[in-house]
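Colleague: Residue numbering for the sequence shown follows the numbering used here, starting at -9 and increasing by one per position.
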Amino acid sequence: MAADIQWCINITADETREIRPDATISRLCQPDFGPSLEFGEVKLARASTDKHALCHDLLRLAVFAKDTVDVNKLKAALTLQINGYNIAFFLTHLQHDGMCLVQEIGQLTFPRSLEELASFVNLKNIRTLLIVTETFWRLCDL
-9 MAADIQWCIN
1 ITADETREIR
11 PDATISRLCQ
21 PDFGPSLEFG
31 EVKLARASTD
41 KHALCHDLLR
51 LAVFAKDTVD
61 VNKLKAALTL
71 QINGYNIAFF
81 LTHLQHDGMC
91 LVQEIGQLTF
101 PRSLEELASF
111 VNLKNIRTLL
121 IVTETFWRLC
131 DL
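Set out below in structure tokens:
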């Protein structure tokens, strides 16, 4: 199965009345996009970004994930929240009929410069990325 990431940030509120995430990862079915399997929200590294805005984004991600689990009959959907150089991965998993659980499955801090890149490539970060990748392909596939 192939998947493709789409950045929806360039779409302004005037162009659409839909509520959209900043990014979606969708299944590719020949030349067309299939169902969305993952969603992302992005906040720039600013002092003005507060916990309220991050909580609001997390709630939006949970709603997007629950909707895609329900509509596409998935076991789970993955979401990611980027705040500056920090990224958190969440799994929205269908526990029982109509009840989903949102659980953080990984967190990383990306390097701010090339000098910090060597310290980013370590066993802990590789293990986190492997867990997120394995979880995505095992639970979020159709």
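Even for Gly, the Cβ is constructed at its ideal location relative to N, Cα and C.
Would you report the Cα separation of Lys65 and Glu124, rounded to the nearest angstrom?
Modeller: By 1-based counting over the sequence shown, the position of residue 65 is 75. By 1-based counting over the sequence shown, the position of residue 124 is 134. Going from the Cα of Lys65 to the Cα of Glu124 covers about 14 Å.
Colleague: For Gln97, which residues from the same chain have a beta carbon less than 8 Å from its beta carbon, with the 5 sequence-adjacent residues on both sides left out?
Modeller: The sequence position of residue 97 within the sequence shown is 107, counting from 1. Only Asn76, Ile77, Ala78, Phe79, Thr118 meet the Cβ criterion.
Colleague: Buried or exposed for Ala35, please, with buried defined as at least 16 other CB atoms from any protein chain shown within 10 angstroms of its CB.
Modeller: Looking up residue 35 in the sequence shown gives position 45. With fewer than 16 Cβ atoms within 10 Å of its Cβ, Ala35 is classed as exposed.
Colleague: Quick one: give me the first and last residue of the alpha helix (DSSP H) that Asn62 is part of.
Modeller: The residue you call residue 62 lines up with position 72 of the sequence shown. Segment 41 to 62, the alpha helix (DSSP H) holding Asn62.
Colleague: Apart from the five residues just before and just after Ile72, which ones in its own chain have a Cβ nearer than 6 Å to its Cβ?
Modeller: Here residue 72 refers to the residue found at position 82 when the sequence shown is read from its first residue. If we look at Ile72 and ignore the five residues flanking it on each side, its Cβ neighbours are Val32.
Colleague: Quick check: the Cα distance between Leu81 and Ser38, rounded to an integer number of angstroms?
Modeller: Residue mapping note: residue 81 aligns to position 91 of the sequence shown, counting from 1. Residue mapping note: residue 38 aligns to position 48 of the sequence shown, counting from 1. Each residue's alpha carbon lies about 27 Å from the other.
Colleague: Counting C-beta neighbours from all protein chains within 10 Å, is the total for Glu106 16 or more, i.e. buried, or is it exposed?
Modeller: Residue numbering aside, residue 106 sits at position 116 when the sequence shown is read from its first letter. Looking at its Cβ environment, which holds fewer than 16 other Cβ atoms inside 10 Å, Glu106 is exposed.
Colleague: By the three-class DSSP mapping on this structure, what secondary structure does Asn112 have?
Modeller: Along the sequence shown, one-based indexing puts residue 112 at 122. Correct three-state label for Asn112: coil.
Colleague: If you drop the 5 nearest sequence neighbours on each side, which residues of the same chain put their C-beta closer than 8 Å to that of Lys122?
Modeller: Start at 1 with the first residue of the sequence shown, and residue 122 comes out as number 132. Before going further, note that residue 122 is Val rather than Lys in the sequence given. Within the same chain, Val122 has close Cβ partners Leu68, Phe79, Ile95, Gly96.
Colleague: Mind checking which residues open and close the beta strand (DSSP E) that includes Glu94?
Modeller: Walking along the sequence shown from the start, residue 94 turns up at place 104. Here the beta strand (DSSP E) through Glu94 covers 89 to 99.
Colleague: So, for Ile1: in the same chain, excluding its five sequence neighbours on each side, which residues have a beta-carbon less than 8 Å away from its beta-carbon?
Modeller: Residue 1 sits at position 11 when you count from the first residue of the sequence shown. For Ile1, the predicted model reports a pLDDT of 42, less than 50, meaning its position is unreliable; a value from the coordinates is still stated below. Arg10.
Colleague: How many Å lie between Pro25 and Lys56 at the Cα?
Modeller: The residue you call residue 25 lines up with position 35 of the sequence shown. The residue you call residue 56 lines up with position 66 of the sequence shown. Rounded to the nearest angstrom, the two C-alpha atoms are 13 Å apart.
Colleague: Is it right to say Thr14 is buried, meaning 16 or more other beta carbons lie within 10 angstroms of its own, or is it exposed?
Modeller: Walking along the sequence shown from the start, residue 14 turns up at place 24. Thr14 is buried by the Cβ-count criterion.
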